[in-house]
Amino acid sequence: MADTTVMATAATGAPVALTAAMTRICGASNVVTDPLELRTYECDGLTSHRVTPALVVLPGSAEQVAAVVSECAAHEVPFVARGSGTGLSGGAVPHSEGVLIVMTRMRKILEIDAVARRAVVEPGVTNLAVTEAARPFGMFYAPDPSSQVVCSVGGNVAENSGGAHCLKHGFTVNHVLGLEIVTPAGELTWLGDGTGVVNGYDLLGAFTGSEGTLGIVTKIVVKLTPAPQAVHLVLAAYHSMEAGGRAVSDIIGAGIVPAAIEMMDALSIEAAEAAVHCAYPQGAAAVLLVELDGPAAEVEAELATVRSLCAAAGAYEIRAADDPAERARIWAGRKSAFAAVGRLSPAYIVQDGVVPRTALGEVLARIWELSQEAGIRVANVFHAGDGNLHPLVLYDDASASETEAAEVLSGAILDTCIAYGGSITGEHGVGLDKSRYMPKMFTADDLDTMQLVRCAFDPASLCNPGKIFPTPRLCGEVPGHRRAPHPAVASGQAEIF
Amino acid sequence: MTSSRTVSADSLAAACSVLREGEADDAIDGVVPAFVASPGDVGEAAALLRAAASHDLAVVPRGSGSRLGWGVPPSRCDLVVDMLRMDAVVEHAAGDLVASVQAGARMNHVLGMLAASGQEIALDVPGTATVGGVVASGLCGPRRLRYGSPRDLLIGITVVRADGTVAKSGGKVVKNVAGYDLGKLFAGSAGTLGLITQATFRLHPLPGARAFVSTTFPADSGLVASSVAAAANSPLVASAVELYRPVPAGPVSVSVLLEGSRDGVAARAGALAELLGGSVSGEPPAWWPWGIEADGGTLIRVSFWVSALATVLDAVSAAAAGNHVTPAVYGSAGAGVLYVGLPPDAGDVAGFVSSLRLSLGGPRGSVVVVAAPAAVRAELPLPGGLFGRVPSLGLMRAVKDQFDPGHRMAPGRFPEGI
Chain U
-5 MADTTVMATA ATGAPVALTA AMTRICGASN VVTDPLELRT YECDGLTSHR VTPALVVLPG
55 SAEQVAAVVS ECAAHEVPFV ARGSGTGLSG GAVPHSEGVL IVMTRMRKIL EIDAVARRAV
115 VEPGVTNLAV TEAARPFGMF YAPDPSSQVV CSVGGNVAEN SGGAHCLKHG FTVNHVLGLE
175 IVTPAGELTW LGDGTGVVNG YDLLGAFTGS EGTLGIVTKI VVKLTPAPQA VHLVLAAYHS
235 MEAGGRAVSD IIGAGIVPAA IEMMDALSIE AAEAAVHCAY PQGAAAVLLV ELDGPAAEVE
295 AELATVRSLC AAAGAYEIRA ADDPAERARI WAGRKSAFAA VGRLSPAYIV QDGVVPRTAL
355 GEVLARIWEL SQEAGIRVAN VFHAGDGNLH PLVLYDDASA SETEAAEVLS GAILDTCIAY
415 GGSITGEHGV GLDKSRYMPK MFTADDLDTM QLVRCAFDPA SLCNPGKIFP TPRLCGEVPG
475 HRRAPHPAVA SGQAEIF
Chain X
540 MTSSRTVSAD SLAAACSVLR EGEADDAIDG VVPAFVASPG DVGEAAALLR AAASHDLAVV
600 PRGSGSRLGW GVPPSRCDLV VDMLRMDAVV EHAAGDLVAS VQAGARMNHV LGMLAASGQE
660 IALDVPGTAT VGGVVASGLC GPRRLRYGSP RDLLIGITVV RADGTVAKSG GKVVKNVAGY
720 DLGKLFAGSA GTLGLITQAT FRLHPLPGAR AFVSTTFPAD SGLVASSVAA AANSPLVASA
780 VELYRPVPAG PVSVSVLLEG SRDGVAARAG ALAELLGGSV SGEPPAWWPW GIEADGGTLI
840 RVSFWVSALA TVLDAVSAAA AGNHVTPAVY GSAGAGVLYV GLPPDAGDVA GFVSSLRLSL
900 GGPRGSVVVV AAPAAVRAEL PLPGGLFGRV PSLGLMRAVK DQFDPGHRMA PGRFPEGI
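Chains as they are written, first to last, in the numbering used here: chain U, -5 to 491; chain X, 540 to 957.
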């Protein structure tokens, strides 16, 4: 903090003047200073990173968010925005000397324009609430992360959330057409106008997925999609992962783009079975779920093709469901997998690496080898259609050596993904958790160039600092363009070595 | 001047093996660049931009050159970087539905290669356009309704910054949220942020069949609007909903493209024809705009929320009558984008644009002159000019300042001199 004359309160560590200003802006009941209550905000969905914020505020309007951010900027206090706190990369972990801005009070659906296929929502609205509001108009909001019941649309924008159905329908960035944001300087402005046509630079596209580091979203214009005429879910059971993988390649090779292709291995099936009694076929080494949606006339033909390709790849049991209740029962096994694995192990790490779909077989074999070498179990649940793996590394957190081995194994899995030309994260984001892997995927020049965007939006680096990038860039200097020696060098206070 | 030009030439020649002096054909809006360099790889491209930086040269990237006459001409141009030598399809991973292509590759070459595997980059752009040009100008056509614009299909990009730094973002997997997405920023940036050298796209399977359901409505924009919305919002899943009105306040033709399997498309087209009261054909109507062209005249892009379609059609008719011009209107009505075309000798085009902006001045859309003859450009009122109202201009300026602090990359091509 630059203003060293400001006294810190004994309770929170936040400057008294700042707390007073926040109370003036948001009202006393929406400013949290009690140390115990502050601790409830110490982490997001990834509980291994915990930092208690100095102050928590819950603004109720865009204007309040702008005023809160302006105060932070004026006091040079870092701030972090938080939605529902379901993120899995520590993207909403607070700053110990900063303000956590919680967006959950802003949860109004402001407008549905069914003719234009648009909804205007506040950032605290849950993902599923948008689809529910659109349903009477025969539409839905396509991006559907597994946490859609609780996760907020504002958080989805920050993370560019995916979900099982992004294989066909795309990611959040393909469905967000306008954002009202508060810039890190505290100004309200719009990126995009809801039309999908950009006038000038596509700042909307650059902002979406920037993990809360370029500003705070206060209104969102999303694209709604006509609800499909027909939806069919096929479940195919295999005696090996290889056979299931072959079916995936054959389906894609046939020119079919399913809404989702998901795969689970024996360990994750076992966990799901114990948790939700999903009654998947007995003895399966791999279960494949393929969902098809679209016009009835297309889906019926695709269904026949998918069934025969699944059988040809060696499925020993195939089930198909088209009514919503039966589909939901089958999906329950897949959707419960993360939580269910908690029954198999006291602790686990969820990874989010991506590999080219065609490399899935080799990468899974490599993960199995790594798991054997480390003596640590790995359950595999993944979006097979787009190569997005979610290896669940199971370990006992009471054992320091096992915890470390699990961390090492996790890192080795990401290294494998990078070696196959993939990514360290497909949908969870980099956040605090994976920033140390960024230099393995990108060069120093790549990271420096990305941070030019950061410098344009947030030169003071107050907006969710310390996330995504392992090494922050100093925005004041532009490499290669300094014409005179650094003032500190010129004045003799520093030397160049 | 002569000596500094010689020094620049030596420096550029050391960076790039193919270098020549600019000729009349290289002129952009009458300005002949001093040099035209054609890098053969990203190393040469980087060395070239480093050399240009050290001599403070203004740089304009060029693909096929077909869009250099669009928008505002650069205020300065010393060096044209011709990308046509970098024309390789670097990788086509058919099983992954992904292709990486150098910026100078022509779309017809790339699409031909992809078609051999039954795949495509789902953008409707001229075959002679280059990949880099398509990305930098954000070109797309009718099927934007289903597939979006280049930014939606781009999953990775390699660029050379103004100072010669080579940087990439994204990658070659479709699902990837690691780091900022520079591709979004460079898509549609018209060369003002740096030089695009390579792009990676997600591909789509080529449809097995397609059908067009077409009909013509009398001059009733309300009826047109409700039919367009019905088609675009139908669960029959249209790939494109296009509209064509040859004269203001005249009859309007609407055509809907369906793509899919042979039997599926036949059934869907039948259902849609019943819904719209149209006829089904395997071929598009003669007016179907596979590529958007200005043809030396003025081309205006009007974007809007589809619920405002009738208002937009009526506003164009009213502005045309008030300014004594007779523009044709066509475009992706179902996606909220229409183009208004006027020939070079159309009359008071600037007055027409001002009237249109006045009646469509709300925050949910824009009226942008994407191409216009110099005489029309000069008459467009400021502020606004070609671009009209641009929100977040301050942030755009800040982005430009970070990427190109010397303002040497295609200077002046963007709003407010960016």
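Glycine included, each C-beta is placed from N, C-alpha and C at the ideal position.
Check, Outcome
"According to DSSP, is T219/U part of a helix, a strand, or is it coil?", "strand"
"Could you pull the start and end residues of the beta strand (DSSP E) that W362/U belongs to?", "Here W362/U belongs to no beta strand (DSSP E); instead the alpha helix (DSSP H) covers 354 to 368."
"Assuming contact is defined by CB atoms lying nearer than 8 Å, are S905/X and V191/U in contact in what I supplied?", "yes"
"Do V637/X and T754/X have their C-beta atoms closer together than 8 Å?", "no"
"Using 8 Å as the threshold, is the C-beta distance between R840/X and E798/X below it?", "no"
"Who does Q737/X pair with in a DSSP beta bridge?", "Q641/X, T697/X"
"Would the beta-carbon of G671/X fall within 8 Å of that of R952/X?", "no"
"DSSP state of S146/U, grouped into three classes?", "strand"
"Is it a yes or a no for the stretch 227 to 245 of chain U touching the stretch 191 to 204 of chain U, going by three-plus beta-carbon pairs under 8 Å?", "no"
"So, with DSSP's three-state summary, where would you put D287/U?", "strand"
"Do we get a CB-CB distance below 8 Å when we pair Q941/X with the residues of chain U?", "yes"
"Just the C-alpha distance for L558/X and D565/X, rounded to the nearest angstrom, thanks.", "13 Å"
"Under the rule that 16 or more other beta-carbon atoms within 10 Å means buried, what is G875/X, buried or exposed?", "buried"
"Does the beta carbon of D380/U sit closer than 8 Å to a beta carbon anywhere in chain X?", "yes"
"What did DSSP end up calling S614/X once you bin it into helix, strand or coil?", "coil"
"Sort out for me which residues DSSP pairs H377/U with in a bridge.", "E256/U, N382/U"
"If you follow the alpha helix (DSSP H) that V712/X is part of, which residue opens it and which one closes it?", "Note, V712/X: premise wrong, no alpha helix (DSSP H); not H, not E."
"Does any residue of chain X bring its CB to less than 8 Å from the CB of I19/U?", "no"
"For the alpha helix (DSSP H) containing I19/U, name the first residue and the last one.", "10 to 20"
"Relative to the C-alpha of C272/U, which residue among N382/U, E31/U, A319/U is closest?", "A319/U"
"Does the stretch 798 to 807 of chain X come into contact with the stretch 291 to 311 of chain U, if we say contact requires no fewer than three beta-carbon pairs (one atom in each stretch) closer than 8 Å?", "yes"
"Taking 7 Å as the line, does the beta carbon of S83/U fall inside it for any heavy atom of the ligand ADP?", "This structure lacks the ligand ADP, and indeed carries no ligand of any kind."
"Identify every run of the alpha helix (DSSP H) within the stretch 892 to 955 of chain X, keeping only runs that are complete inside it and at least 4 residues long; order them along the chain.", "913 to 918, 932 to 942"
"Verify the CB distance criterion: does M540/X have a CB-CB separation below 8 Å to chain U?", "Because the pLDDT of M540/X is 45, which lies under 50, any placement of that residue in the model is unreliable, and the question is left without a value."
"DSSP beta-bridge partners for E781/X?", "S794/X"
"Out of V335/U, L383/U, A331/U, A333/U, point me to the one whose CA is closest to E356/U's CA.", "L383/U"
"Using a Cβ-Cβ cut-off of 8 Å, state whether M652/X counts as contacting chain U.", "no"
"Using a Cβ-Cβ cut-off of less than 7 Å, give me the residues of the stretch 184 to 211 of chain U that come near chain X, in sequence order.", "W184, L185, D187, G188, T189, G190, V191, V192, N193, G194, Y195, D196, L197, G199, A200, G203, S204"
"Between which two residues does the alpha helix (DSSP H) containing T125/U stretch?", "121 to 128"
"Answer with yes or no whether the minimum CB distance from T352/U to chain X is below 8 Å.", "yes"
"Which value, in whole angstroms, describes the spacing of the CA atoms of P29/U and E264/U?", "41 Å"
"Please name the residue, chosen from I462/U, L468/U, T443/U, F463/U, that lies closest to A454/U on a Cα-to-Cα basis.", "L468/U"
"Please go through the same chain and pick out, in chain order, the residues whose beta-carbon is closer than 6 Å to the beta-carbon of T518/X, but skip the five residues on each side of it.", "The requested residue 518/X is not part of the displayed model; chain X covers only 540 to 957."
"Return helix, strand or coil for T202/U, following the three-state DSSP convention.", "coil"
"Work out the CA separation of E105/U and A127/U for me, nearest whole Å.", "10 Å"
"Between S760/X, S688/X, S846/X, P613/X, which lies nearest to G956/X when the distance is taken from Cα to Cα?", "P613/X"
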